[in-house]
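Notes to accompany the following structure.
Residue numbers (our numbering): 797 to 868.
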């Protein structure tokens, strides 16, 4: 079984204060716009896709970047 494939397909959820996290992301990655970082409950995939496209990074990289700013 390929655990990396399963990892990339697992559901991603936003935890904690997204407004604060998104401000920190925008400071670290100024190319991200408020529209890129707009989050609605249940639409995590839309957020990931926008950030992936703007930063030109893979899904796993974006998830790791976002998780670093989330509470444990």
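All C-beta atoms, glycine included, are put in the ideal place defined by N, C-alpha and C.
This one's a predicted model, so the numbers in the text were calculated from it and none came from an experiment.
Straight-line spacing of the CA atoms in residue 848 and residue 835 works out to 14 Å. Counting along the chain, residue 815 sits inside the alpha helix (DSSP H) bounded by residues 814 to 824.
Under a 10 Å Cβ-count criterion, residue 866 is classified as exposed, with fewer than 16 other Cβ atoms of the shown protein chains found around its own Cβ.
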